[in-house]
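J.:
Numbering (this note's numbering), first residue to last: 1326 to 1414.
#1: Within a Cβ cutoff of 7 Å, which residues of the same chain sit near residue 1381, ignoring the five residues on either side of it in sequence?
#2: What is the DSSP secondary structure of residue 1352, counted as helix, strand or coil?
#3: Terminal residues of the continuous alpha helix (DSSP H) containing residue 1388?
#4: Select from 1385, 1368, 1354 and 1400 the residue whose C-alpha is nearest the C-alpha of residue 1343.
#5: Helix, strand or coil for residue 1373? Go by DSSP, reduced to three states.
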């Protein structure tokens, strides 16, 4: 939904690349940066056994893994079934 809101908010506007990144690439980078964190293996293990929420890594990789606009923005091939495109992040 946030990507659609971004596209609606910028519709008809001249958007430029910044630091070599297109507007769509910057959107996805900002999305990922919003979830940036370091998590120790012990904390991750505790989280997956006690928390209903996905680990942060999968809150980023999961939504974009099969999102055509993400693949187009970064020139990624479609991910094979069950594999997440981790090369970008």
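Yeah, the Cβ is synthetic: ideal placement off N, Cα and C, and Gly gets one too.
These numbers were taken from a predicted model, which means no experiment stands behind them.
T.: Concretely, from the data shown:
#1: Locating residue 1381 in the chain shown gives position 56, counting from the first residue. Closer than 7 Å at the Cβ level, and outside the excluded window around residue 1381, lie 1360, 1362 and 1364.
#2: Walking along the chain shown from the start, residue 1352 turns up at place 27. Residue 1352 falls in the helix class under three-state DSSP.
#3: Here residue 1388 is taken as the residue at index 63 of the chain shown, counted from 1. From DSSP, the alpha helix (DSSP H) with residue 1388 extends over 1381-1390.
#4: Translated into positions along the chain shown, residue 1343 becomes position 18. Ranking the options by Cα distance to residue 1343, first place goes to 1354.
#5: As a first step, residue 1373 is located in the chain shown; it is residue number 48 there, counting from the start. Looking at residue 1373 - three-state DSSP - the assignment turns out to be helix.
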